[in-house]
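Below: one structure, written as structure tokens.
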Amino acid sequence: MEAVRRELRGSALALVLVAATTLVAYVLIQSFDVRRGSVIYLLPVLLAGWHLGLVPALVAAVAGVLWSGYFFFSPYYSFYLARPNEILNLLLFMVVAVVTSHLANSMKKHTEVARKSEKDMGDLYAFSRRLAAASSAADIYLAIEEHLASLVQRKVVLFGAVADSDRTIKPEQEGLSQRVHSAIAEIRAGRTLATTVDDGAGDIWLVRRVSQKNADFGVIAIDLGSVPPWAVEEVRHRVDDVLSDAAATLERLDVARALNDAKMRSETELLREALIGSVSHELRTPLASILGAATVLSKSPVIAKDERLNALAGVVRDEAERLNNDIQNLLDATRISREQIRPRQEWIEPQDIVNSALERRRRRLSSHSVSLDMDSNLPLIFVDAVLVEQAFVQIVDNAAKYSPAGSPIVIAAKRNGRDVVLSVQDQGVGLTAEENAQLGERFFRGARHAATTSGSGLGLWIAKAFVSANGGKIQAVSPGADHGAAVSILLPFATPESQPEVGPDD
Amino acid sequence: MTEANPVVLVVDDEVQIRRFLRAGLELDGFAVQDAETGGDALRWATLKPPDLVILDLGLPDMDGAEVLERLRAWSSVPLIVLSVRSNEAEKVRLLEIGADDYVVKPFGMAELLARAHAAMRRHVRVSTGEPVVKVGPLSIDLAARIVSINGARVMLTPKEYRLLQLLAQHAGNVVTHQFLLKEVWGSPHLHDTHYLRIFVRKLRQKIEVDPTQPRILLTELGVGYRLVVPEAATAVAS
Numbered sequence: 000m001e002a003v004r005r006e007l008r009g010s011a012l013a014l015v016l017v018a019a020t021t022l023v024a025y026v027l028i029q030s031f032d033v034r035r036g037s038v039i040y041l042l043p044v045l046l047a048g049w050h051l052g053l054v055p056a057l058v059a060a061v062a063g064v065l066w067s068g069y070f071f072f073s074p075y076y077s078f079y080l081a082r083p084n085e086i087l088n089l090l091l092f093m094v095v096a097v098v099t100s101h102l103a104n105s106m107k108k109h110t111e112v113a114r115k116s117e118k119d120m121g122d123l124y125a126f127s128r129r130l131a132a133a134s135s136a137a138d139i140y141l142a143i144e145e146h147l148a149s150l151v152q153r154k155v156v157l158f159g160a161v162a163d164s165d166r167t168i169k170p171e172q173e174g175l176s177q178r179v180h181s182a183i184a185e186i187r188a189g190r191t192l193a194t195t196v197d198d199g200a201g202d203i204w205l206v207r208r209v210s211q212k213n214a215d216f217g218v219i220a221i222d223l224g225s226v227p228p229w230a231v232e233e234v235r236h237r238v239d240d241v242l243s244d245a246a247a248t249l250e251r252l253d254v255a256r257a258l259n260d261a262k263m264r265s266e267t268e269l270l271r272e273a274l275i276g277s278v279s280h281e282l283r284t285p286l287a288s289i290l291g292a293a294t295v296l297s298k299s300p301v302i303a304k305d306e307r308l309n310a311l312a313g314v315v316r317d318e319a320e321r322l323n324n325d326i327q328n329l330l331d332a333t334r335i336s337r338e339q340i341r342p343r344q345e346w347i348e349p350q351d352i353v354n355s356a357l358e359r360r361r362r363r364l365s366s367h368s369v370s371l372d373m374d375s376n377l378p379l380i381f382v383d384a385v386l387v388e389q390a391f392v393q394i395v396d397n398a399a400k401y402s403p404a405g406s407p408i409v410i411a412a413k414r415n416g417r418d419v420v421l422s423v424q425d426q427g428v429g430l431t432a433e434e435n436a437q438l439g440e441r442f443f444r445g446a447r448h449a450a451t452t453s454g455s456g457l458g459l460w461i462a463k464a465f466v467s468a469n470g471g472k473i474q475a476v477s478p479g480a481d482h483g484a485a486v487s488i489l490l491p492f493a494t495p496e497s498q499p500e501v502g503p504d505d
Numbered sequence: 000m001t002e003a004n005p006v007v008l009v010v011d012d013e014v015q016i017r018r019f020l021r022a023g024l025e026l027d028g029f030a031v032q033d034a035e036t037g038g039d040a041l042r043w044a045t046l047k048p049p050d051l052v053i054l055d056l057g058l059p060d061m062d063g064a065e066v067l068e069r070l071r072a073w074s075s076v077p078l079i080v081l082s083v084r085s086n087e088a089e090k091v092r093l094l095e096i097g098a099d100d101y102v103v104k105p106f107g108m109a110e111l112l113a114r115a116h117a118a119m120r121r122h123v124r125v126s127t128g129e130p131v132v133k134v135g136p137l138s139i140d141l142a143a144r145i146v147s148i149n150g151a152r153v154m155l156t157p158k159e160y161r162l163l164q165l166l167a168q169h170a171g172n173v174v175t176h177q178f179l180l181k182e183v184w185g186s187p188h189l190h191d192t193h194y195l196r197i198f199v200r201k202l203r204q205k206i207e208v209d210p211t212q213p214r215i216l217l218t219e220l221g222v223g224y225r226l227v228v229p230e231a232a233t234a235v236a237s
């Protein structure tokens, strides 16, 4: 039905083209008395062959033959042909026209095929690159979903092959109707392979499995749009064809293995973090014994009066403390990547955070000349003081680590606009613009000091996470390498809703 | 060890921790009694009432908090909890159910002893009714309600005094926000920590040399406040 209608429309257009050519031919003959212009009728044949298909081209050829007989073969202005050789001429024209129309049509087809396969290749290439880069099964499902959507040119939702796989989407999230979901459940249960369902809002959905003999890629739901009932089968067949090609492609690209790899990777990540968590806890108990024992040793009469032994006990204590900080960093890092940071916010004096951090790092800072510059009337801030203190300790540690012993460190707490700024300024190795840009990235360590100063590259990353969990940010300013740096925590402050009532008796 | 030595009950399931605690505490003049489990601890506490308890929270047979609660049902013995960092909520809970103080693992012996002595002194103060608390240069006469620094009287408002009084009664030990808020402003203001911040700021302006760098009234982040007793004054066996 559809095909016949298309050919009829094409043929009508071809006749219009011939008519237009005739008009041109008539004008030419009237103005210039051209008598050998029959070749002009090849033009509509070519155009019809290229744009409208074979049948319209043939129609154009026949019409062209008739009209060129009328205009260019004697007797002129008559469809009657006087001489036999002119009949031969016309026949020849007819043959040329038919061959031309055929050539034009097949060339057009070739071009189209070439262009389409070029586009398909490009799409496939992009798709396979995306698969390779995918870090989780969900990413891969998303890639497949978009790939299939572009192939069938419809809205497509892809689900895992089984209900508890990586992509179980709640109905409201994707806006799928309950009917579509029960169809998906049917397919998952293996009761049918494919089905169409009306979603109740006027759209027909095709739900089917996307699979090959060796792999199952999931269950796909395709929005076919508002298709009239009699056309559903035809549309469905078209989509089915595209999908079986796509499934074969998915198998070739080894999507199944990519999926497995992605799952393995995320499980490995989880395992590693669980390991870090438990190892850190296991390490802390002996550390507590070591540190405690060292402090007892340094107090015992025998060791206390021997300066060298006392210093050794001090080394044990300091190193145990350092190890403990490293373990704390590892634990914090796992907490951050598991997104387990839940700030317990309360009103706090900014100075209290700074003082507490300095108290914790008193021994570490004793080799530097530390000066404090704190405003006496800072506004209260509403933060998790423990998290912000941890962040500030990291910044203080960095300043002590990356500036020479004896050099000054200025620690300040100031108000700046709508922020309270806690800052640490040192005269140390400073930051290049490049280092500053990377500062606070997980595991980032400046290449200039990697060999001389130990560290994990976690400190500032942790600090950033803790500060941003409190709605603040960290800023680093440095005039350049070896010119020191100022690292600040910026925390917005608000005013408490209620104030304590202060009467004359308070 | 003679009978005159104060007895400390050390409750910890880690043998190495018990060993260094024993060494450190004996060096400081205590007689040490070990307990590996909560059950043991409660038995020893009734059998031979200690002068001090050091309680680790991770015990094999019961939660440290449970040991604390059962002990507090009949004993007011000074008690220090060994806790793990970054769990302020737990610290506050333990303080509320009767711990006198805590130290965070890993800790140095000096820190533990300072907390322990402070808790024991408070115990003595309560039983003897001794009225004057000295915290470095600061002297608080709880009976006469007079506060002075190096002999010079400091004028406080009633609420400031109440705050300082509560801290002085626990001198050397931490006092939680909730406790202070409840005692000074009443239960409806349990969560108005900013009240506390504002009054502590005023108090520091009156008793600290540099209120931005307090040396006497210290903040324990996430937990409460502590009046610091200088370490020289902490020896128990003096």
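Top line first, the protein sequences correspond to chains A and B. First residue of the first sequence? That's 0 in numbering that gives the first Met the number 0, and the numbers climb one at a time after it. First residue of the second sequence? That's 0 in numbering that gives the first Met the number 0, and the numbers climb one at a time after it. By construction, the Cβ of each residue, glycine as well, lies at the ideal position given by its N, Cα and C atoms.
Tell me the rounded alpha-carbon separation between A/Phe443 and A/Gln474. Cα to Cα, A/Phe443 sits roughly 16 Å from A/Gln474.
Check your understanding: Are A/Ile352 and A/Phe391 close, meaning C-beta to C-beta below 8 Å?
Key -> Cβ distance < 8 Å, so A/Ile352 and A/Phe391 count as in contact.
- CA nearest to the CA of A/Asp122, picked from A/Tyr25, A/Leu249, A/Val226: Here the closest residue by C-alpha is A/Leu249.
Going by DSSP, which residues form a beta bridge with B/Asp99? Looking at the DSSP assignment, B/Asp99 forms no beta bridge with any residue, so it has no partner.
Distance cutoff 8 Å, beta carbons only. Does B/Gly221 sit that close to anything in chain A? Output row for B/Gly221: interface = yes.
Excluding the five sequence neighbours on either side, which residues of its own chain have a C-beta within less than 6 Å of the C-beta of A/Ser176, listed in chain order? By the criterion of a C-beta distance shorter than 6 Å, A/Ser176 is surrounded in its chain by Asp198, Gly199, once the five residues flanking it on both sides are discounted.
Local conformation of A/Arg341 per DSSP, three classes: Residue state for A/Arg341 is assigned as coil, using DSSP reduced to three classes.
Original post:
Over what stretch of residues does the beta strand (DSSP E) that includes A/Gly9 continue unbroken?
Top reply: Segment 1–31 is the alpha helix (DSSP H) holding A/Gly9; no beta strand (DSSP E) there.
- Message: Using a Cβ-Cβ distance cut-off of 8 Å, determine whether A/Arg343 contacts chain B.
- Response: Chain B has a Cβ within less than 8 Å of the Cβ of A/Arg343.
query = Quick one, which of B/Val91, B/Phe198, B/Asp11, B/His188 has its alpha-carbon nearest B/Asn172's?
reply = With distances taken between Cα atoms, B/Asn172 lies closest to B/Val91.
Nearest residue (CA-CA) to B/Ala34, options B/Leu58, B/Leu163, B/Leu26, B/Ala22: Selected option, being the one with the closest Cα: B/Leu58.
B/Ala117 versus chain A: which residues are under 9 Å apart at the beta carbon? In chain A, no part has a C-beta under 9 Å from the C-beta of B/Ala117; the shortest such distance is about 17 Å.
Since B/Tyr101 meets chain A, which of its residues come closer than 7 Å, beta carbon to beta carbon? Neighbourhood of B/Tyr101 in chain A, by CB distance below 7 Å: empty, with the nearest CB roughly 14 Å away.
List the residues that DSSP assigns as beta-bridge partners of A/Pro491. Per DSSP, A/Asp418.
**Report entry** Beta-bridge partners of A/Tyr40, as assigned by DSSP
**Finding:** A/Tyr40 is not bridged to any residue.
I need the DSSP call for A/Gly121, collapsed to helix, strand or coil. In this structure, A/Gly121 counts as helix in the three-state DSSP scheme.
- Task: Let me know if A/Met373 comes out buried or exposed under the rule of 16 or more other beta-carbons within 10 Å of its beta-carbon.
- Result: Around the beta carbon of A/Met373, 16 or more other beta carbons lie within 10 angstroms, which makes this residue buried.
- Query: With DSSP run on the structure shown, which of helix, strand or coil describes A/Tyr140?
  - Reply: Reduced to three states, the DSSP call for A/Tyr140 is helix.
Out of A/Asp244, A/Ala188, A/Trp229, A/Ile186, which one is the CA nearest neighbour of A/Gln211? Comparing Cα positions, the closest option is A/Asp244.
Note to self: Am I right that A/Arg316 and A/Leu282 are in contact with their C-beta atoms under 8 Å? What's the rounded C-beta distance?
What the structure shows: So it is not a contact: roughly 16 Å between Cβ atoms.
Under 8 Å, Cβ to Cβ, is there at least one residue of chain A near B/Thr1? Only weak support exists for where B/Thr1 lies, its pLDDT of 48 falling under 50; the value from the coordinates is given anyway. Any Cβ of chain A closer than 8 Å to the Cβ of B/Thr1 would place that residue at the interface, and such an atom is absent.
(Q) Counting only C-beta atoms, is A/Ile488 closer than 8 Å to chain B at any point? (A) Cβ-Cβ to chain B under 8 Å: no for A/Ile488.
Helix, strand or coil for A/Leu157 per DSSP? Reduced to three states, the DSSP call for A/Leu157 is strand.
- Along chain B, which residues have their Cβ under 7 Å away from the Cβ of A/Lys304? The premise fails here: A/Lys304 is roughly 14 Å from chain B at the closest Cβ pair, so nothing lies under 7 Å.
Q.
Need the endpoints of the alpha helix (DSSP H) that B/Phe19 sits in, please.
A. Residue range 14–26 is occupied by the alpha helix (DSSP H) that includes B/Phe19.
- Message: Would A/Gly470 pass as an interface residue toward chain B - the criterion being a Cβ-Cβ separation below 8 Å?
- Response: With 8 Å as the cut-off, A/Gly470 does not count as an interface residue toward chain B.
Reference A/Thr333; option with closest CA among A/Arg362, A/Trp346, A/Leu457, A/Ala257: For A/Thr333, the nearest C-alpha among the options comes from A/Leu457.
Contact set between the segment 283–301 of chain A and chain B, restricted to residues whose Cβ is under 9 Å from the partner: Correct list: Arg283, Thr284, Pro285, Leu286, Ala287, Ser288, Ile289, Leu290, Gly291, Ala292, Ala293, Thr294, Val295, Leu296, Ser297, Lys298, Ser299, Pro300.
* **Exposure of A/Trp204, with buried meaning 16 or more beta-carbon neighbours within 10 Å** => Result: buried.
(message) I need the DSSP call for B/Ile215, collapsed to helix, strand or coil.
(response) B/Ile215 carries a coil assignment under DSSP once its states are collapsed to helix, strand and coil.
Proximity of B/Gly63 and B/Val80 at Cβ, strictly below 8 Å = Contact flag set, yes.
Are B/Ala170 and B/Val134 touching if we call contact CB-CB under 8 Å? Going by C-beta atoms, B/Ala170 is nearer than 8 Å to B/Val134.
Looking at C-alpha atoms only, which residue of A/Asp202, A/Gly201, A/Val218 is the closest neighbour of A/Ala188? Among A/Asp202, A/Gly201, A/Val218, the Cα nearest to that of A/Ala188 belongs to A/Val218.
- prompt: Which class does A/Trp460 belong to by DSSP, given the choice of helix, strand or coil?
  reply: Three-state DSSP puts A/Trp460 in a helix.
ask   = Does the beta-carbon distance from B/Leu8 to A/Val295 come in below 8 Å?
value = No, these two residues do not count as a Cβ contact at 8 Å.
| request: Pull up the DSSP beta-bridge partners for A/Ser368, would you. | output: Under DSSP, A/Ser368 forms a beta bridge with A/Pro407.
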